[in-house]
Amino acid sequence: MLDFLLPLLLLLLPFSVWSGYRIGKKSLQGKSLGRRLAPGYFTGLNFLLNEQPDKAIDAFIELLQVDSETVETHLALGNLFRRRGEVDRAIRIHQNLIARPALTGDIRKLALLELAYDYMAAGLFDRAESLFKELVRDKSHRLVSLKQLVTIYQQIKDWQQAIDYSYQIEKISGQSQAVKIAHYHCEVAEDARTAGNLKVAHEALKTALLSNKTSVRASILQGQIFKQAGKSKEAINSFRRIRHQDIAFMPEVINDLISCYQLIGNEAELLKFLKQCLEQGAGVSVLLAVSQLLETSMDDKQAAIVIVNYLRENPSLKGLEHLIDLHVNHASESARDDLQLLHSLVIKLIDQKPVYRCDGCGYSGKTLFWQCPSCKDWGTIKPIQGIEGE
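Quick note on this note's numbering: the sequence shown kicks off at -1 and runs consecutively.
1) With which residues is G363 paired in a DSSP beta bridge?
2) With three or more beta-carbon pairs closer than 8 Å as the criterion, would you say the stretch 332 to 352 touches the stretch 203 to 213?
3) Is A119 near R80, with beta carbons less than 7 Å apart?
4) Between V284 and P249, which are expected to be in contact by the criterion C-beta below 8 Å, what is the C-beta distance as a whole number of angstroms?
5) Report the residue from R241, G263, K229, E293 whose alpha carbon sits nearest the alpha carbon of E277.
6) Which same chain residues end up closer than 7 Å to Q159 when comparing Cβ atoms and leaving out the 5 residues on each side of it in sequence?
7) Name the residue from K145, R87, L261 whose alpha carbon lies nearest to the alpha carbon of K169.
8) Can you have a look at V181 and say buried or exposed, based on whether 16 or more other CB atoms are within 10 angstroms of its CB?
9) CA-CA distance, A400 and S342?
10) Relative to the C-alpha of G279, which residue among A246, R140, L101, R87 is closest?
11) If you follow the beta strand (DSSP E) that P381 is part of, which residue opens it and which one closes it?
12) Output needed for C373: all residues of its chain with C-beta closer than 8 Å, excluding positions within five of it in sequence on either side, in chain order.
13) Given that a residue counts as buried once 16 or more other Cβ atoms are within 10 Å of its Cβ, and exposed if not, what is R239?
14) Taking the CB atoms as reference points, tell me whether S217 and S236 lie closer together than 7 Å.
15) Quick check: the Cα distance between A329 and A302, rounded to an integer number of angstroms?
16) With a cut-off of 8 Å on the beta carbons, I'd call I96 and L110 a contact; round off their distance for me.
17) Go to Q175, then tell me how far its alpha helix (DSSP H) extends in each direction, as first and last residue.
18) With hydrogens ignored, establish whether the beta-carbon of L73 is closer than 6 Å to any heavy atom of the ligand MG.
19) Quick one: is Y165 buried, meaning 16 or more other Cβ sit within 10 Å of its Cβ, or exposed?
20) Within its chain, find whatever has a CB closer than 6 Å to the CB of T102; leave out the 5 residues flanking it on each side and keep chain order.
21) Here's the rule I'm using: 16 or more other beta-carbon atoms within 10 Å means buried, otherwise exposed. How should S143 be labelled?
22) Can the beta-carbon of Q220 be found closer than 7 Å to that of L208?
23) If we ignore side chains and look at the alpha-carbon of each, how far apart do D389 and G172 end up?
24) Verify whether the separation of the beta carbon atoms of L318 and V282 is less than 7 Å.
25) Three-state secondary structure (DSSP) at W368?
26) Since W376 sits in a beta bridge, which residues does DSSP pair it with?
27) Counting only the same chain and skipping the five closest in sequence on each side, list residues whose C-beta sits under 6 Å from that of L147.
28) What does a CB cutoff of less than 6 Å around V186 pick up in its chain, not counting 5 residues either side in sequence?
29) Ignoring anything shorter than 4 residues, give me the alpha helix (DSSP H) runs that lie fully in the stretch 241 to 317, in order along the chain.
30) Looking at I91 and L113, is the spacing between their C-beta atoms short of 7 Å?
31) Would you grab the beta carbon distance between V251 and L272 for me? Rounded to a whole angstrom, and I think it's under 8 Å.
32) With 16 as the cutoff for other CB atoms within 10 Å, does A206 come out buried or exposed?
33) As a quick exercise: from D244, C275, L321, F224, pick the residue whose alpha carbon is nearest that of S257.
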């Protein structure tokens, strides 16, 4: 409780002195600070010391007469409560401020903005939405309100509204929202796919690729839907597109791609494509796929040479694990035991490492999220490259 008292008292003390001065400005100049403080300050202080913060708030609200000199204190007090997670109290402060009839238009809009943030923090998205829509009409608060509306629609998964307001942000700010908009269309496609409405899903993915032609997510999802429908050639075209969008994501579709090529009986074209991907740095998962495809035409030792040559330029724990596995079968009994121990240690090390990392905030994990759980940016999480990844 005491860690809360100090900033609050420091915030209110100068205004209490000022209020006391105005009340008793005709009194003698020699009065002490205690006698010049507004009486409401001591009332509020007493409530705080007795751990009755709600009554203290009421006392301090009465203490602060709203005008141009004290409105910032009201806002600061409300923000202090919101930062501390005491959203109900922040709402009371800002609602009290808005209810004052003497409040000027600009100050009222600022208070409405803070109240909308309070509602957001409380999860009262319908109330926050209503206030932000009101503030969109004001030029000075338009952009921030539009961004908050998009945040709300993300939270409640109203993707069409998120798309519509993102276009408004793009128009006003001049900053492209193409990446986000493409992801919103992908969300529409995901929902439609789950509902079994593949026509809507395909249309949403086409629009996503029109919004952002480098949308890896749209290509992955499109390929998966085609594959599920038995359209292997169309799925292959979608998966192959990823090579030009972001080569780092090729490992995400390697198994589906191989399956589709095998279904149409064209492994020669598959092998050619995978080798092209390797030349672009597609990662060790693609190398291992190539190695497995070549097993019919080479022995383990030749496959090991291929992997060693790649690992010299692109060291990787995953590649090392597969290389050890190849050598185990041809090792002497004593060496085999050592290699198996080393193999298990490398696997444990790999299992402890994250697979994906956000380029924005550094968040890492083993699950691919299209929206970072930490910084909330879209499309910033990618497969980790290098010795601990691909």
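Beta carbons: idealized from backbone N, C-alpha and C, even for Gly.
Reading it off the structure:
1) Walking along the sequence shown from the start, residue 363 turns up at place 365. Y354.
2) The stretch 332 to 352 makes no contact with the stretch 203 to 213: fewer than 3 CB pairs, one atom from each, lie closer than 8 Å.
3) By 1-based counting over the sequence shown, the position of residue 119 is 121. By 1-based counting over the sequence shown, the position of residue 80 is 82. In this structure, A119 lies near R80, with their beta-carbon atoms less than 7 Å apart.
4) Reading the sequence shown from its first residue, position 286 is the one you call residue 284. Reading the sequence shown from its first residue, position 251 is the one you call residue 249. A Cβ-Cβ distance of about 6 Å is found for the pair V284 and P249, placing them in contact under the 8 Å criterion.
5) Stepping through the sequence shown from its first residue, residue 277 is reached at position 279. Of the candidates R241, G263, K229, E293, the one whose C-alpha sits nearest the C-alpha of E277 is R241.
6) The count along the sequence shown starts at 1 and reaches residue 159 at position 161. When the five nearest sequence neighbours on each side are left out, the beta carbons in the same chain lying within less than 7 Å of the beta carbon of Q159 are those of Y151, in order along the chain.
7) Numbered from 1 along the sequence shown, position 171 holds the residue referred to as residue 169. Closest option to K169, Cα to Cα, is K145.
8) Here residue 181 is taken as the residue at index 183 of the sequence shown, counted from 1. Note on identity: in this sequence residue 181 is His, with Val being the wrong assignment. By the neighbour-count rule (16 or more Cβ atoms within 10 Å), H181 is buried.
9) The question about residue 400 has no answer, for the chain in this structure spans -1 to 388.
10) Taking the sequence shown and counting its residues from 1, the one referred to as residue 279 is at position 281. Here the closest residue by C-alpha is A246.
11) As a position in the sequence shown, residue 381 is number 383, starting the count at 1. Where P381 is concerned, the enclosing beta strand (DSSP E) stretches over 379 to 381.
12) Start at 1 with the first residue of the sequence shown, and residue 373 comes out as number 375. Correct list, in chain order: C356, G358, C359, Y361.
13) Residue numbering aside, residue 239 sits at position 241 when the sequence shown is read from its first letter. The Cβ neighbour count for R239, taken over all protein chains shown within 10 Å, is at least 16; the residue is labelled buried.
14) On the sequence shown, residue 217 is found 219 positions in, with the first residue counted as 1. On the sequence shown, residue 236 is found 238 positions in, with the first residue counted as 1. Going by C-beta atoms, S217 is nearer than 7 Å to S236.
15) Taking the first residue of the sequence shown as position 1, residue 329 is located at position 331. Taking the first residue of the sequence shown as position 1, residue 302 is located at position 304. So the two alpha carbons sit approximately 13 Å from each other.
16) Translated into the one-based positions of the sequence shown, residue 96 becomes position 98. Translated into the one-based positions of the sequence shown, residue 110 becomes position 112. Confirmed, about 6 Å.
17) As a first step, residue 175 must be located in the sequence shown, where it is residue number 177. Premise fails: Q175 is in no alpha helix (DSSP H) and is neither H nor E.
18) As far as ligands go, the structure on display features none, and thus does not contain the ligand MG.
19) Counted from its first residue, the sequence shown places residue 165 at position 167. Counting the other CB atoms within 10 Å of its CB gives Y165 a total below 16, which places it among the exposed residues.
20) As a first step, residue 102 is located in the sequence shown; it is residue number 104 there, counting from the start. The answer is none, since no qualifying residue turns up.
21) Within the sequence shown, residue 143 is the residue found at index 145, counting from 1. Answer is buried; the Cβ neighbour count reaches 16.
22) Indexing the sequence shown from 1 puts residue 220 at position 222. Indexing the sequence shown from 1 puts residue 208 at position 210. Cβ distance not < 7 Å, so Q220 and L208 don't count as in contact.
23) Outside the modelled stretch of the chain, which goes from -1 to 388, sits residue 389, for which no answer is possible.
24) Along the sequence shown, one-based indexing puts residue 318 at 320. Along the sequence shown, one-based indexing puts residue 282 at 284. In terms of Cβ geometry, L318 and V282 do not form a close pair [threshold 7 Å].
25) Position 370 of the sequence shown, counted from the first residue, corresponds to residue 368. Here W368 sits in coil by DSSP.
26) As a working mapping, residue 376 is identified with position 378 in the sequence shown. W376 is bridged by DSSP to Q369.
27) The residue labelled residue 147 in the question sits at position 149 within the sequence shown. So the list reads F130, Y163, once near-sequence residues are dropped.
28) Position 188 of the sequence shown, counted from the first residue, corresponds to residue 186. Sequence-distant partners of V186 (beyond 5 residues in either direction) whose C-beta falls short of 6 Å from its own C-beta, in its chain, are W157, A202.
29) As far as the stretch 241 to 317 is concerned, its whole alpha helix (DSSP H) runs of at least 4 residues are 248 to 262, 265 to 277, 282 to 291, 298 to 311.
30) On the sequence shown, position 115 is the one that residue 113 refers to. On the sequence shown, position 93 is the one that residue 91 refers to. Their beta carbons are not under 7 Å apart, which means L113 does not touch I91 by this criterion.
31) Along the sequence shown, one-based indexing puts residue 251 at 253. Along the sequence shown, one-based indexing puts residue 272 at 274. For a cut-off of 8 Å, the C-beta gap from V251 to L272 is around 12 Å, too long to register as a contact.
32) The residue given as residue 206 occupies position 208 in the sequence shown. Buried, since its Cβ has 16 or more Cβ neighbours within 10 Å.
33) The residue given as residue 257 occupies position 259 in the sequence shown. Of the candidates D244, C275, L321, F224, the one whose C-alpha sits nearest the C-alpha of S257 is F224.
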